[in-house]
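Residue numbers (my numbering): 1 to 225. Just so you know, even glycine gets a beta-carbon here, dropped at the ideal spot from N, CA and C. One structure is given below, encoded as structure tokens.
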Amino acid sequence: MSRVVVVAGVGPNIGTAVARRFHADGFAVAMLARSDRVTAPLAAELGSDAVSIAADVTDRSAVERAMERVRTELGPVEVLVLNASGGGGRPVDEANVERLRSIFDVRVGGSLACVRAALRDLRETEGTVLFSGTTFAEPPVTEQIEWGAVGPAARGLARSLDAALDDVTVTYIRIGSAVRPAESSTEAEETGDRIAIAAADLAAEYRRLVDRPGLATSELDLRAE
Numbered sequence: 001m002s003r004v005v006v007v008a009g010v011g012p013n014i015g016t017a018v019a020r021r022f023h024a025d026g027f028a029v030a031m032l033a034r035s036d037r038v039t040a041p042l043a044a045e046l047g048s049d050a051v052s053i054a055a056d057v058t059d060r061s062a063v064e065r066a067m068e069r070v071r072t073e074l075g076p077v078e079v080l081v082l083n084a085s086g087g088g089g090r091p092v093d094e095a096n097v098e099r100l101r102s103i104f105d106v107r108v109g110g111s112l113a114c115v116r117a118a119l120r121d122l123r124e125t126e127g128t129v130l131f132s133g134t135t136f137a138e139p140p141v142t143e144q145i146e147w148g149a150v151g152p153a154a155r156g157l158a159r160s161l162d163a164a165l166d167d168v169t170v171t172y173i174r175i176g177s178a179v180r181p182a183e184s185s186t187e188a189e190e191t192g193d194r195i196a197i198a199a200a201d202l203a204a205e206y207r208r209l210v211d212r213p214g215l216a217t218s219e220l221d222l223r224a225e
């Protein structure tokens with residue numbers, strides 16, 4: 001039976017690149033997203049041992065059904081990648097409570113729902129949870145007020161889970177650069193005044209965090225140079 005990775009939150013950048021990388025290394029891949037616009041054609045492209053599952057991470061019942069389907073069709077979850085973001089925030093004059101709650105429900109509530117639904121498997125496999133994080137989790141974020149509030153909460157969840165789960169490795173990955181689509185060059189690209197990292201390079205780092213006997217990383221900074 002193949003090893004199983006679940007990628008929760010699959011868009012054209014990080015999620016797609018991570019799914020491709022793990023599948024290329026022999027993992028069965030389950031891709032969760034609210035819509036199958038990206039995941040269905042990607043599953044068809046990857047072929048065997050790749051499934052697309054429409055599930056909103058803010059719907060706990062939908063997440064539990066999705067994980068049960070993964071167990072039935074692919075096997076127990078060994079790697080869980082939490083990549084659903086809920087979008088960005090806004091400047092203070094446009095920020096609102098509803099937007100903050102919406103991002104929190106996806107980024108924090110949805111992440112916890114995914115971990116809880118897969119926890120039995122993760123413990124059984126002594127698995128790994130990878131959070132797609134942000135450097136916005138520490139300093140003030142004046143142009144994205146709601147995200148500046150939710151970022152630290154997601155990081156706090158990751159750190160708390162890492163401390164609470166002796167048999168599961170939980171890593172918060174602080175992404176400090178813009179990410180180019182999965183089809184981009186594997187080398188960092190310069191876009192305007194920002195340096196971007198290719199999604200494929202990011203995915204390679206995610207894969208590297210798995211299969212390191214005797215080693216665990218609770219937090220990792222990644223940025224293009």
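Cβ pair residue i, residue j closer than 8 Å
i    : j    : result
E138 : P91  : no
V6   : L112 : no
A43  : M31  : yes
R223 : S160 : no
D166 : S218 : no
A54  : S35  : yes
V10  : T39  : yes
V70  : G110 : no
A199 : P181 : yes
G75  : V141 : no
Residue environment, residue i, which counts as buried when at least 16 other CB atoms sit within 10 Å
i    : result
A154 : buried
R212 : exposed
N72  : Here residue 72 is Thr; the residue named in the question, Asn, does not match the sequence. T72 comes out exposed.
G313 : The chain is shown only over 1 to 225; residue 313 falls outside these bounds and no answer can be derived.
D93  : exposed
E78  : buried
N13  : buried
V97  : exposed
A19  : buried
M1   : exposed
Counterpart residues of residue i in DSSP-defined beta bridges
i    : result
D59  : None, per the DSSP bridge assignment.
M31  : V7 and S52
A163 : Bridge partners of A163: none, in fact.
T169 : T128
R180 : A198
R174 : G133 and D221
V97  : Note: V97 sits in no beta bridge, so no partner.
L82  : A8 and F131
Same chain, Cβ closer than 6 Å to residue i, five either side skipped, listed in chain order
i    : result
G103 : Inspection of the sequence shows that residue 103 is occupied by Ile rather than by Gly. Same-chain partners within the cutoff: G86, E146 and V150.
R3   : F27 and E78
R99  : E146
G15  : V7, G9 and N83
E126 : D167
Own chain partners of residue i with C-beta closer than 8 Å, once the 5 adjacent residues on each side are dropped
i    : result
V115 : L80, L82, L122, V129 and L161
S132 : G9, I14, V81, L82, N83, S85, I173 and I175
Close Cβ partners of residue i (< 7 Å) along its chain, the five nearest in sequence each way excluded
i    : result
L157 : V108, S111 and L112
D221 : R174 and G176
D60  : The sequence shown places Arg at residue 60, rather than the Asp named in the question. Answer for R60: A113, listed in chain order.
E66  : Position check: residue 66 holds Ala in this sequence, whereas Glu was assumed. Hits under 7 Å: L32, I53 and A55.
**OP:** Check whether the region 114-125 touches the region 41-50, counting contact only when three or more Cβ pairs, one atom from each stretch, lie closer than 8 Å.
**Re:** no
With three or more beta-carbon pairs closer than 8 Å as the criterion, would you say the region 160-177 touches the region 202-214?
Touching, yes.
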